[in-house]
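Colleague: Once you've had a glance at the structure underneath, I'll fire off some questions.
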Amino acid sequence: MFHSARIKLTAWYLLIITIICVSFTVAMYQEMTVELDRIKAMHRSRIERGLPNRLAPPINTNSLFLDPNLVAETKMRLKIILAGIDVLIIGVSAGAGYFLAGKTLKPIGEMVEGQRRFIADASHELRTPLTAMKTEIEVTLRDKKLGLPSAKNLLSSNLEEVDKLKSLTDYFLTLSKYQDTNNNLSWETFNLLPVAEEVCNRLQGLAKEKKVEIKKDLAPVLLEANKVSITELVSILLDNAIKYSHPEGKVIIGLEEKRGNVQIKVEDFGIGISETDLPHIFNRFYRADLSRTKNVVKGYGLGLSIAKSIVDLHKGKIEAQSVVNKGSVFTVALPLKQSHKLV
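All residue numbers in the sequence shown are consecutive under the numbering used here, ending with 947.
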C-alpha cells in the first residue's frame, strides 16, 4: 500500500514537472526561432541598403545573406539541446520525486501503521475479558445443579471483568484526550507542591499494601500548565514506581526548579527495565518483559504512553534510566511558562 502510494505520488510529481518543462521548452523554442528570423531579416535589410544602384554591374547577392540551411540547422540543434535538457530534468526529477514522495508519506505511513497496531492491540485487550466472561457463563449454564452461591460467584467474576473493560475504555478516552491537538484544556498557573503532596497521599494506601515507603524531596514551584493532566502525570509515574518496587522497598519523588524548567523525578529500587525494553516503554500497550512482570503488576501498558502524551502537550521532555533488579528513574522537564496555549 505504502509503495503503491509512493509510486502514484511520484508519477504526479513527474507529470507536473513534465508539463512545466515541455511548456517552457515550447515557449523558449518559439521565442528563439522568432528571434533568429528577426536577425535574418535585419541582416538582409542592412545588406540590401548597402548594395550599389541597379546601374552598376550585377553581383551575386545570395552570398551576402545568411544561409537558410544554416538557419534551419541552428533551429534543429536548438530543438535537440532543449529536448536533451528536458530529458535530463525529467530524469533527475523522477529520482528526486521518488525520494520526496517517500519523505512525505513516511509520517503518514507510520501513523497508519501505529493505528493498525493500536486497533489490533485494543481488540486483543478487549477480547480477553469478554472471552473470560463468555467461558464462565457457558460453563455455569452447563451445570444442571446451579445454585444461588454459584450464580453469585459468576456474577462477581463477571463484574470484575466488566471493571477491567471500564478501566481499559477509561484509558482509551484519557489517551485520546491528551493526544488531541484541538483539545480545550484549561491552563493556569499553580503551585506544583500541593499537587505532588495530594498524589502521594492518594497512593499511600497502595504503598502500604506493598510495604513501600514514599520519600519526598519536594520544593514549591509555580507552573503554568493544565492542572488535571499534570496531576495525572505525577500519579502515573508514582503509581508505576510503587507497583514495580520490591516489597519493603522505597520510592523517591523529587520536585525542583532547574534552568527555567520544573523537574519532576521519580525513582524506585525495584525490578528495573532491560536495555532492550527501555526504548519502547512509552509505546501504547507495551509491557516490559512479561516473564518478569506478570506476577508483579497487572495493567495494559498505556500509563506511560499517556504520560508521554501529557509531557508532549506541555512541550516538555520525559526520560527513563533503568538497571535490571536495581530500579528505574523517570525524569520529566516541563517549561515553567508555555509559549502559547492550546485553546
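For each residue, glycine too, the CB sits at the ideal point set by N, CA and C.
Given a threshold of 16 other Cβ atoms within 10 Å of its Cβ, counted over all protein chains shown, does V638 qualify as buried or as exposed?
Modeller: Exposed is the call here.
Colleague: Would you tell me roughly how many angstroms separate the C-alpha atoms of L810 and V816, rounded to the nearest one?
Modeller: Rounded to whole angstroms, L810 to V816 spans 8 Å at the Cα level.
Colleague: Excluding the 5 residues flanking S839 on each side, which residues of the same chain have their C-beta closer than 8 Å to its C-beta?
Modeller: Same-chain partners within the cutoff: V803, R806 and L807.
Colleague: If we call anything under 9 Å between Cβ atoms a contact, is E828 one with T793?
Modeller: Yes, the pair counts as a contact, with Cβ atoms nearer than the cut-off.
Colleague: Use the C-beta contact count for V799: other C-beta atoms within 10 angstroms, 16 or more gives buried, fewer gives exposed.
Modeller: Under this definition V799 is a buried residue.
Colleague: In its own chain, which residues sit with a C-beta less than 7 Å from the C-beta of Y782, not counting the 5 before and 5 after it?
Modeller: Closer than 7 Å at the Cβ level, and outside the excluded window around Y782, lie S833, I910, S913, I914 and L917.
Colleague: DSSP state of G931, grouped into three classes?
Modeller: Looking at G931 - three-state DSSP - the assignment turns out to be strand.
Colleague: In angstroms, rounded to a whole number, what distance separates the CA positions of K707 and F628?
Modeller: Rounded to the nearest angstrom, the two C-alpha atoms are 28 Å apart.
Colleague: Buried or exposed: which applies to R610, given that a residue is buried once 16 or more other Cβ atoms fall within 10 Å of its Cβ?
Modeller: By the 10 Å Cβ count, R610 comes out buried.
Colleague: Taking the beta strand (DSSP E) that D881 belongs to, which residues open and close that run?
Modeller: D881 -> no beta strand (DSSP E), and no H or E assigned at all.
Colleague: Please return the same chain residues whose Cβ sits closer than 6 Å to the Cβ of L862, not counting the five positions on each side in sequence.
Modeller: In the sequence on display, residue 862 carries Lys and not Leu. So the list is empty, once near-sequence residues are dropped.
Colleague: Can you round the beta-carbon distance between P824 and N865 to whole angstroms, since I take them to be within the 8 Å contact cut?
Modeller: The Cβ separation is near 15 Å, so there is no contact.
Colleague: Once DSSP output is grouped into helix, strand and coil, what is the label at A937?
Modeller: Looking at A937 - three-state DSSP - the assignment turns out to be strand.
Colleague: Please say whether I885 and L908 have beta carbons closer to each other than 9 Å?
Modeller: It is a contact, given that the beta carbons lie within the stated cut-off.
Colleague: Compare the beta carbon distance of L709 and L619 with 9 Å and say whether it is the shorter of the two.
Modeller: No. Outside cutoff.
Colleague: Let me check understanding here. Comparing Cα to Cα, which of T778, L842, K812 and L772 lies closest to E801?
Modeller: Checking every option, the nearest Cα to that of E801 belongs to L842.
Colleague: Can you tell me which of V626, L640, D690 and S649 puts its alpha carbon nearest to the alpha carbon of N673?
Modeller: The option with the nearest alpha carbon to N673 is L640.
Colleague: Quick check: the Cα distance between E871 and D747, rounded to an integer number of angstroms?
Modeller: Computed Cα separation, rounded: 51 Å.
Colleague: Going by the beta-carbon positions, is the gap between L769 and A726 smaller than 9 Å?
Modeller: Cβ atoms of L769 and A726: not closer than 9 Å.
Colleague: Starting from K815, follow the beta strand (DSSP E) in both directions and report where the run begins and ends.
Modeller: Looking at the DSSP string, K815 is not in any beta strand (DSSP E), and its letter there is neither H nor E.
Colleague: In chain order, what residues of the same chain lie with their CB nearer than 7 Å to the CB of P733, ignoring the 5 residues before and after it?
Modeller: If we look at P733 and ignore the five residues flanking it on each side, its Cβ neighbours are E765, K768 and L769.
Colleague: Strictly by DSSP, which residues pair up with E871?
Modeller: Answer is I856 and V933, bridged to E871.
Colleague: Looking at the secondary structure, which residues open and close the beta strand (DSSP E) in which L758 lies?
Modeller: That residue, L758, is in no beta strand (DSSP E); its alpha helix (DSSP H) goes L752 to Q783.
Colleague: Pull up the CB-CB distance for K819 and K854, whole angstroms please, since I reckon it's below 8 Å.
Modeller: Right, their Cβ atoms sit about 6 Å apart.
Colleague: Which residues share a DSSP beta bridge with F794?
Modeller: Paired residue(s): L827.
Colleague: Sorted by chain position, which residues of the same chain lie with C-beta nearer than 6 Å to E860's C-beta, five sequence neighbours on each side aside?
Modeller: Closer than 6 Å at Cβ, skipping near neighbours: A823 and Q867.
Colleague: Drop a sphere of 10 angstroms on the beta-carbon of S697, count the other beta-carbons inside from all chains shown, and report buried for 16 or more, exposed for fewer.
Modeller: S697 comes out buried.
Colleague: Would you report the Cα separation of M1028 and W616, rounded to the nearest angstrom?
Modeller: Given a span of 605 to 947 for the chain in the structure shown, any question on residue 1028 remains unanswerable.
Colleague: Note down the Cα distance separating Y702 from L763, rounded to an integer number of angstroms.
Modeller: Whole-angstrom Cα-Cα distance: 55 Å.
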